[in-house]
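A.B. asks: Have a look at the structure that comes next, please.
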Amino acid sequence: MEPVPELQLAPVSTRWQDWFRSRSPREILSRIAPGDPLRLRPRIGAFLEQRALLLEADAMQLRALALVARAAVRYRGQPELDLWLLDRIREAAEELIEDPQRSTAEASAFELLGRPLGLDPQGLRRATERFNRLPELDRQAFFGLVLRGKALESMSKEHNECATELARRARTVLLLFLEHAAGQGRLETSHATG
Amino acid sequence: MQLDEHHRQRWEAELLRVHQHAWARALRSASLIASARREQPCPWFAALELDQGRDSWQAQAQECVQLAEWDGLQAPSELQACLKLPELAWPEPERLVQAAERWLPGFATELCKQLAAWSALGSQFVNRIEQEVVEGPVDPWRSLALEARALTLERMGEVDRALEAWDQAQSMERPRVRIQAAALAWDCDREEHWWLWAGRFDGSEPEWRSVQWLVPHLRRRRARRCSSQLPLPGQRLLRDCPPALMQLAMALE
């Protein structure tokens, strides 16, 4: 697993006034998009990891940049920039979860992930859309036990939840993925070969 | 250089989309208010939109128009028309809904259901909603259909069926549904249902925001009950509150 990069926040916190000095969101966007000076990408990575969400980081970054640019016009330094940016990231995640078809990421992560594994990318997309709307504990159980391969016991302590219950939640989510992605992937393969 | 231009176009397209979503949301608020003005008395959540939303809605719409202008865009004329109030008559809610639909397709489906649920047509509409609950294949519209059905039944005064519908709707894990369900349980003094929904607020950020949203409404409702000599739901409903509900308890004391 790739570690979440450490955030270097100090320079960002002191320079926001330079970037946000405009009445036009479009102009602000032209300053904060190239090179990601607000370090939105690592923040997004950490957010998705922490909230156990499966969203395309490219789409998240694109949406978060636009939301930051639009809201920056009225930002006056409160709350602290880190918290304020986190709110925009949360907003971006909520919008993409609520309205997933609107994601404009070009290279779909579902294509990249699904095809080599023999999973149907569209099925995978539908499964992740449903996954992101599940209760957080279900998502955390699946993330921890299935995707991160954490020990059941340590997960149980971390979430203060009975191990059997966590395993049950993870299994339910796993079935959701199998039903949507693998099932249709198999169908697709059998159509292609048959 | 071409890559830069390509990126710039993508960023700007996304910004335009964010502008348009904001317009759709502002139009949505406008349509709720416009509809509530026509449909008095309106159910509690519409009243809530009115109570907490009138000033903030105007600020929201004003901001939409201004930011669009600064970015060389033009906000929807329907939104600009609402800002000229009270001199002008409000546009019909349906017109505002249609305008919202232009910027966020599918978004208006929710509005139509909500509007129908608390309009005089609610009782006729419930059958169509029932049909969608049965046949609706896609989230989140299915959960909205469930929510609209619960609202309609509530408006029709069918408390037991409404509570049952809320129970079904809240399984979709939408905080808003839980708030509305909790409010109905509070209003009807249904302790078991109150705990089923309100007791599930877990203190996480979205839930906490939801509780804060609920507080002023319950306070007003309590005041109304006091003035109308109706029996109060009683403090027992707030005894042994989960931490996230403590503020609720304090606000109602």
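Sequence order for the protein chains is A and B.
Quick note: the first sequence uses the numbering used here, first residue 1, plus one each step.
Quick note: the second sequence uses the numbering used here, first residue 1001, plus one each step.
We put the CB at the ideal spot given by N, CA and C, even for glycine.
What does E1154 (chain B) touch in chain A if you count any residue whose Cβ is under 9 Å from its own?
C.D. replies: For this step, residue 1154 (chain B) is matched to residue 154 along the second sequence. Ordered by position in chain A, no residue passes the 9 Å Cβ test against E1154 (chain B), which lies about 24 Å from the chain.
A.B. asks: Kindly list, in the order they appear in chain B, the residues whose Cβ is closer than 7 Å to that of R26 (chain A).
C.D. replies: On the first sequence, residue 26 (chain A) is found 26 positions in, with the first residue counted as 1. Result: E1012, L1015, D1071.
A.B. asks: Using beta carbons (cut-off 8 Å, strictly below), is L9 (chain A) in contact with chain B?
C.D. replies: The sequence position of residue 9 (chain A) within the first sequence is 9, counting from 1. For L9 (chain A), the predicted model reports a pLDDT of 48, less than 50, meaning its position is unreliable and no value from the coordinates is stated.
A.B. asks: Mind pulling the chain A residues with CB within less than 9 Å of H1019 (chain B)?
C.D. replies: Taking the second sequence and counting its residues from 1, one reaches residue 1019 (chain B) at position 19. Per Cβ cutoff of 9 Å: P25, A66, R70.
A.B. asks: To the nearest angstrom, report how far apart V1065 (chain B) and Q1074 (chain B) are at their CA atoms.
C.D. replies: Taking the second sequence and counting its residues from 1, one reaches residue 1065 (chain B) at position 65. Taking the second sequence and counting its residues from 1, one reaches residue 1074 (chain B) at position 74. Using only the alpha carbons, I get a separation of about 7 Å.
A.B. asks: Below 8 Å, how does it come out for the stretch 118 to 132 of chain A and the stretch 152 to 161 of chain A: are there three or more Cβ pairs, yes or no?
C.D. replies: The stretch 118 to 132 of chain A is not in contact with the stretch 152 to 161 of chain A.
A.B. asks: Could you tell me the alpha carbon to alpha carbon distance between A141 (chain A) and R51 (chain A), rounded to whole angstroms?
C.D. replies: The residue labelled residue 141 (chain A) in the question sits at position 141 within the first sequence. The residue labelled residue 51 (chain A) in the question sits at position 51 within the first sequence. Cα-Cα distance, rounded: 11 Å.
A.B. asks: Following the continuous alpha helix (DSSP H) through M155 (chain A), name the residue where it begins and the one where it ends.
C.D. replies: On the first sequence, residue 155 (chain A) is found 155 positions in, with the first residue counted as 1. 152 to 159 is the extent of the alpha helix (DSSP H) around M155 (chain A).
A.B. asks: On a Cα-Cα basis, can you pick out the residue from A:L65, A:F47, A:R23, A:L53 that is closest to G35 (chain A)?
C.D. replies: What you label residue 35 (chain A) is simply residue 35 of the first sequence in a count that begins at 1. Checking every option, the nearest Cα to that of G35 (chain A) belongs to A:L65.
A.B. asks: Could you check where the alpha helix (DSSP H) with L96 (chain A) kicks off and where it finishes?
C.D. replies: Position 96 of the first sequence, counted from the start, is the residue given in the question as residue 96 (chain A). Where L96 (chain A) is concerned, the enclosing alpha helix (DSSP H) stretches over 81 to 98.
A.B. asks: Since L175 (chain A) and F131 (chain A) should fall inside the 8 Å C-beta cutoff, what is the C-beta to C-beta distance between them, to a whole number of angstroms?
C.D. replies: By 1-based counting over the first sequence, the position of residue 175 (chain A) is 175. By 1-based counting over the first sequence, the position of residue 131 (chain A) is 131. 12 Å between Cβ atoms; not a contact.
A.B. asks: For L171 (chain A), which of A:G77, A:R63, A:V146 has the nearest alpha-carbon?
C.D. replies: Here the question's residue 171 (chain A) lines up with position 171 in the first sequence. The sequence shown places Arg at residue 171 (chain A), not Leu. Nearest of A:G77, A:R63, A:V146 to R171 (chain A), Cα basis: A:V146.
A.B. asks: How many angstroms separate the CA atom of R1010 (chain B) from the CA atom of D18 (chain A)?
C.D. replies: Here the question's residue 1010 (chain B) lines up with position 10 in the second sequence. Here the question's residue 18 (chain A) lines up with position 18 in the first sequence. Their Cα atoms are separated by approximately 23 Å.
A.B. asks: Would you say L29 (chain A) faces chain B, with C-beta separation under 8 Å as the test?
C.D. replies: Numbered from its first residue, the first sequence carries residue 29 (chain A) at position 29. With 8 Å as the cut-off, L29 (chain A) counts as an interface residue toward chain B.
A.B. asks: Comparing the C-beta of V73 (chain A) with each C-beta of chain B, is any distance below 8 Å?
C.D. replies: Residue mapping note: residue 73 (chain A) aligns to position 73 of the first sequence, counting from 1. Yes - at least one Cβ of chain B is within 8 Å of the one on V73 (chain A).
A.B. asks: Please report how far the alpha carbon of W1166 (chain B) lies from the alpha carbon of A1150 (chain B), in whole angstroms.
C.D. replies: As a working note, residue 1166 (chain B) is residue 166 in the second sequence. As a working note, residue 1150 (chain B) is residue 150 in the second sequence. Those two C-alpha atoms are separated by around 5 Å.
A.B. asks: For A71 (chain A), which residues in the same chain have their Cβ closer than 7 Å to its Cβ, ignoring the five residues on either side in sequence?
C.D. replies: Along the first sequence, read from residue 1 onward, the residue named residue 71 (chain A) stands at position 71. These residues qualify, in order along the chain: R88.
A.B. asks: Buried or exposed, going by whether 16 or more other CB atoms sit within 10 Å of the CB of S1029 (chain B)?
C.D. replies: Position 29 of the second sequence holds residue 1029 (chain B). S1029 (chain B) comes out buried.
A.B. asks: Assuming R43 (chain A) and L86 (chain A) form a contact by the criterion Cβ under 8 Å, report the distance between their Cβ atoms to the nearest whole angstrom.
C.D. replies: If you number the first sequence from 1, residue 43 (chain A) lands on position 43. If you number the first sequence from 1, residue 86 (chain A) lands on position 86. Indeed they touch by this definition, with Cβ atoms about 7 Å apart.
A.B. asks: Can A1026 (chain B) and A1061 (chain B) be called in contact, C-beta distance under 8 Å?
C.D. replies: On the second sequence, residue 1026 (chain B) is found 26 positions in, with the first residue counted as 1. On the second sequence, residue 1061 (chain B) is found 61 positions in, with the first residue counted as 1. Closer than 8 Å, so yes.
A.B. asks: Residues of chain D with CB under 9 Å from R63 (chain A), in chain order?
C.D. replies: Absent from the structure is chain D; the protein chains it does hold are A and B.
A.B. asks: Would you grab the beta carbon distance between L152 (chain A) and L166 (chain A) for me? Rounded to a whole angstrom, and I think it's under 8 Å.
C.D. replies: Here residue 152 (chain A) refers to the residue found at position 152 of the first sequence. Here residue 166 (chain A) refers to the residue found at position 166 of the first sequence. Right, their Cβ atoms sit about 7 Å apart.
A.B. asks: Just the chain A side, please: which residues come within less than 7 Å of L1027 (chain B) by C-beta, in chain order?
C.D. replies: Reading the second sequence from its first residue, position 27 is the one you call residue 1027 (chain B). Result: empty, since nearest Cβ-Cβ is about 16 Å, beyond 7 Å.
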